[in-house]
Amino acid sequence: MNLIKTLKSQKNNLNNEIKGTFAVFDKCWRVCRRYPLSFVFFTFSPLLWLLPHLIYGTAVAGGRYSAKLEMLIGFGDVLVFTGLGLLFMAFFNRTLWGTSYSIREEEFLGTLESLYITPVSRFSIIFGNSLFYISQVSVGCTIQMILISVWYKDSFNFVYMLLATLFVLLAVIMVQSLSLIFTAFVFWQKEGWRFILIVHSIIYLITPFAFPIVVLPNFLQAIASVNPLTFAIEGFRNAFLYGFSFEILRYLFILIIAIPIMILIGLIIFQIAERFLRKKALLGQY
Amino acid sequence: MKLELLEIKQEIKVEAKETRSLHDEVLERVNKTGIRKSVYAITSYALKNLKHSLRYPGSWFYWMLVPLLWLIPYAFQGAALVEGGESEFFSQFGGTGDYFSYIAIGIVLFNIVDAAIWGSGNQLRWEQKSGTFEFLWMSPISRYELLLGASLSEIGWIIFVCTCQFLILGAILSWSITIVQLLLILLVILITLIGLFGFGFLFASIILVFKEPGTLTELTETSLNILLPVRYPMQALPIYIRWLGYIIPFAYGFMSFRAFALANNLKLGALYLSLLFILSVVMWIVGVKLFSKIEQRTRKTGQLGAY
Numbered sequence: 150m151n152l153i154k155t156l157k158s159q160k161n162n163l164n165n166e167i168k169g170t171f172a173v174f175d176k177c178w179r180v181c182r183r184y185p186l187s188f189v190f191f192t193f194s195p196l197l198w199l200l201p202h203l204i205y206g207t208a209v210a211g212g213r214y215s216a217k218l219e220m221l222i223g224f225g226d227v228l229v230f231t232g233l234g235l236l237f238m239a240f241f242n243r244t245l246w247g248t249s250y251s252i253r254e255e256e257f258l259g260t261l262e263s264l265y266i267t268p269v270s271r272f273s274i275i276f277g278n279s280l281f282y283i284s285q286v287s288v289g290c291t292i293q294m295i296l297i298s299v300w301y302k303d304s305f306n307f308v309y310m311l312l313a314t315l316f317v318l319l320a321v322i323m324v325q326s327l328s329l330i331f332t333a334f335v336f337w338q339k340e341g342w343r344f345i346l347i348v349h350s351i352i353y354l355i356t357p358f359a360f361p362i363v364v365l366p367n368f369l370q371a372i373a374s375v376n377p378l379t380f381a382i383e384g385f386r387n388a389f390l391y392g393f394s395f396e397i398l399r400y401l402f403i404l405i406i407a408i409p410i411m412i413l414i415g416l417i418i419f420q421i422a423e424r425f426l427r428k429k430a431l432l433g434q435y
Numbered sequence: 041m042k043l044e045l046l047e048i049k050q051e052i053k054v055e056a057k058e059t060r061s062l063h064d065e066v067l068e069r070v071n072k073t074g075i076r077k078s079v080y081a082i083t084s085y086a087l088k089n090l091k092h093s094l095r096y097p098g099s100w101f102y103w104m105l106v107p108l109l110w111l112i113p114y115a116f117q118g119a120a121l122v123e124g125g126e127s128e129f130f131s132q133f134g135g136t137g138d139y140f141s142y143i144a145i146g147i148v149l150f151n152i153v154d155a156a157i158w159g160s161g162n163q164l165r166w167e168q169k170s171g172t173f174e175f176l177w178m179s180p181i182s183r184y185e186l187l188l189g190a191s192l193s194e195i196g197w198i199i200f201v202c203t204c205q206f207l208i209l210g211a212i213l214s215w216s217i218t219i220v221q222l223l224l225i226l227l228v229i230l231i232t233l234i235g236l237f238g239f240g241f242l243f244a245s246i247i248l249v250f251k252e253p254g255t256l257t258e259l260t261e262t263s264l265n266i267l268l269p270v271r272y273p274m275q276a277l278p279i280y281i282r283w284l285g286y287i288i289p290f291a292y293g294f295m296s297f298r299a300f301a302l303a304n305n306l307k308l309g310a311l312y313l314s315l316l317f318i319l320s321v322v323m324w325i326v327g328v329k330l331f332s333k334i335e336q337r338t339r340k341t342g343q344l345g346a347y
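Chains X and D, in that order, are what the protein sequence lines are. Position in the first sequence (from 1) plus 149 gives the number in my numbering. Position in the second sequence (from 1) plus 40 gives the number in my numbering.
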């Protein structure tokens with residue numbers, strides 16, 4: 150009887166948290182719609198961010214095809230290879246920055262204190278914000294995916310694309326862990342964007358988004374080979390290009406093991422930071 | 041008692057004298073006429089901004105080093121696409137096959153464009169956020185002097201960041217530059233700064249209308265990153281958007297710099313330099329005219345002071 154009661158209350162709690170998450174998500178969309186220029190820009194910005202790398206790639210290679218790339222990875226289409234990597238990174242970027250600043254945004258709006266006394270967890274507030282940024286960037290990334298599919302129309306396979314999408318979903322969940330750490334940092338430092346930008350720039354060096362891992366210097370290759378984002382991006386690209394394989398299974402397995410550990414680390418760090426700030430009476434400080 | 045009263049009276053007189061002399065001094069400074077007054081107003085405003093900026097020395101070093109980090113992925117991408125660090129397309133259209141040197145110069149020079157967008161263009165909005173906009177608008181100096189001062193203060197930052205970045209990259213990439221090349225490069229930067237002033241006016245007038253600059257600034261920066269020859273020669277752009285790049289003066293700054301420093305092509309460099317000068321002057325005139333019209337309009341509609 151007690152067990153049933155506990156299970157029922159846990160179910161109710163979960164329902165409340167989901168409701169809370171979607172309430173935050175809905176609020177973010179309402180605020181966003183009030184600034185149409187900002188909404189349009191951040192929706193389509195993944196397309197704009199794609200262009201410098203793509204144009205640079207085709208300029209260096211002198212066209213769409215690169216013999217060197219073909220030699221390195223067995224696939225020489227610069228546009229498709231770079232486009233897939235950048236699409237993945239657009240998801241990563243927007244989710245990371247948006248989520249990291251979710252609590253700070255509430256501080257700016259003056260709603261942090263009100264949200265903190267609502268009967269939902271802080272994580273639901275963060276995930277609600279995160280969900281908003283994911284949905285926003287999805288519009289631009291879907292257009293990117295359509296473009297890439299057109300470039301790759303000769304060998305395009307819808308099932309392969311769905312498999313690739315699974316890697317994006319896993320990466321988005323994985324990014325939450327990093328975002329939680331950054332959220333804690335921003336919460337503590339208030340303006341932590343400089344630090345996030347440095348970490349973000351370093352991640353670009355050790356994630357093979359526009360280049361295969363083999364072109365990196367040895368020490369960076371060693372770091373990149375233990376970077377979970379490498380498995381996610383390689384899995385995403387390989388799934389889109391070649392479909393199901395043993396390599397894909399390996400990437401999936403690594404991600405399924407790594408994600409819960411990373412999320413747990415993120416949650417612990419956030420909770421420690423929050424407790425520290427509460428103790429020092431810095432929680433509500435602007 | 042009388043003696044004490046006399047002493048107090050004397051003290052008051054001395055204080056009044058001091059106050060008057062300070063007041064006179066301020067009046068004397070403000071009432072300067074002609075060029076002297078303008079120069080004083082511009083430099084005072086520029087110095088004020090520089091003082092603010094120098095209160096955050098970490099920021100100067102940060103923006104000197106972080107853009108260099110953004111360069112590295114381009115080197116890896118290039119290494120994955122062609123053998124030997126040389127690209128045929130770049131040697132045909134960019135004046136050098138060394139794509140990394142090409143992009144390194146582009147990233148360093150983009151600091152000037154960035155300063156025009158984030159610094160001088162957004163200055164009035166920063167003043168509004170600081171609550172000092174109305175005071176500045178009421179002060180006995182023209183709006184142009186204010187904006188020129190804002191652009192001038194950016195020059196100090198540009199000189200620091202660009203020089204340090206060139207020295208670091210020059211040491212890594214072993215660039216060798218002759219005295220003549222150096223002088224020509226300095227001339228290019230000097231004329232590009234005229235473009236910066238014009239762009240500052242142009243962007244400030246847009247900010248006066250739209251107020252919230254975040255999105256607009258990001259959109260402008262992203263678009264200029266695509267349209268200008270920062271990472272690739274203009275010929276890499278599709279022909280229907282290439283013309284947009286050709287009407288932005290900064291594009292010729294990038295091209296003439298590379299023509300002098302990398303290709304050592306004096307004739308081509310001189311051609312780009314003259315185009316840079318003409319377009320910068322045109323941009324300045326357009327910027328000033330637009331700013332004056334927008335200011336009048338916002339004053340009429342009561343938008344000027346609106347936050």
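Even glycine gets a Cβ: it sits at the ideal position worked out from N, Cα and C. Please read all numbers here as calculations on a predicted model, not as lab measurements.
Excluding five sequence neighbours on each side, which residues of the same chain lie with their C-beta closer than 7 Å to the C-beta of residue i?
i       : result
F188(X) : C181, R182
Y184(D) : V328
A321(X) : First, the residue type needs correcting, since residue 321(X) is Val and not Ala in the sequence shown. Cβ neighbours of V321(X) beyond the five flanking positions: F240, T244, I283.
L186(D) : Y85, L176
Based on DSSP bridge pairs, tell me the residues matched to residue i.
i       : result
D226(X) : Y214(X)
E126(D) : D138(D)
If you measure from the beta carbon of residue i to each beta carbon in chain X, is any gap under 8 Å?
i       : result
E128(D) : yes
F116(D) : yes
T260(D) : no
I112(D) : yes
T136(D) : no
T255(D) : yes
V228(D) : no
V348(D) : There is no way to answer for residue 348(D), as the model of chain D reaches only from 41 to 347.
A120(D) : yes
A291(D) : no
I272(D) : Reading the sequence as shown, one finds Tyr at residue 272(D) and not Ile. Chain X, which has a Cβ nearer than 8 Å to the Cβ of Y272(D), makes this yes.
Find out if the Cβ-Cβ distance for the pair residue i, residue j is shorter than 8 Å.
i       : j       : result
G289(X) : L196(X) : yes
F239(D) : G327(D) : yes
I297(X) : G232(X) : yes
Q285(X) : F191(X) : yes
T260(D) : I157(D) : yes
V122(D) : V364(X) : no
I231(D) : S160(D) : no
A313(X) : F389(X) : yes
P113(D) : L346(X) : no
V335(X) : Y250(X) : yes
T338(D) : L248(D) : yes
S350(X) : W103(D) : no
G135(D) : S127(D) : no
I382(X) : G234(X) : yes
Less than 8 Å between CB atoms is the rule here; does residue i satisfy it with respect to chain D?
i       : result
I292(X) : no
L221(X) : yes
T192(X) : no
P377(X) : no
G341(X) : no
T437(X) : For residue 437(X) there is no data in the structure shown, the boundaries of chain X being 150 and 435.
Y301(X) : no
K217(X) : yes
P353(X) : One detail in the question is off: residue 353(X) reads as Tyr in this sequence, not Pro. Y353(X) counts as touching chain D.
Y205(X) : yes
Output needed for residue i: all residues of its chain with C-beta closer than 6 Å, excluding positions within five of it in sequence on either side, in chain order.
i       : result
H92(D)  : none
L280(X) : F174
G196(D) : L90
S215(X) : G225, V227
L209(D) : A144
M274(D) : R282, G285
Y292(D) : Y312, L315, L316
W300(X) : L228, V229
Excluding the 5 residues preceding and the 5 following residue i in the sequence, name in chain order all residues of the same chain whose CB lies nearer than 8 Å to its CB.
i       : result
I421(X) : A333
I405(X) : L319
Cβ of residue i versus every heavy atom of the ligand HEM: is any distance shorter than 7 Å?
i       : result
G277(X) : The model depicted lacks the ligand HEM and carries no ligand whatsoever.
Practice prompt. Please list the segments of the alpha helix (DSSP H) lying wholly inside the region 267-338 of chain X, counting only runs of 4 or more residues, in order along the chain.
Written response: With a minimum length of 4 residues, the continuous alpha helix (DSSP H) runs that stay inside the region 267-338 of chain X are 271-300, 307-338.
Worksheet entry | Residue ranges of each alpha helix (DSSP H) within the region 341-407 of chain X, 4 or longer | 342-355, 367-373, 377-391
Discussion item. Quick check on the DSSP output: what are the complete beta strand (DSSP E) runs of length 3 or more inside the region 181-241 of chain D, in order along the chain?
Written reply: Within the region 181-241 of chain D, no complete beta strand (DSSP E) run reaches 3 residues.
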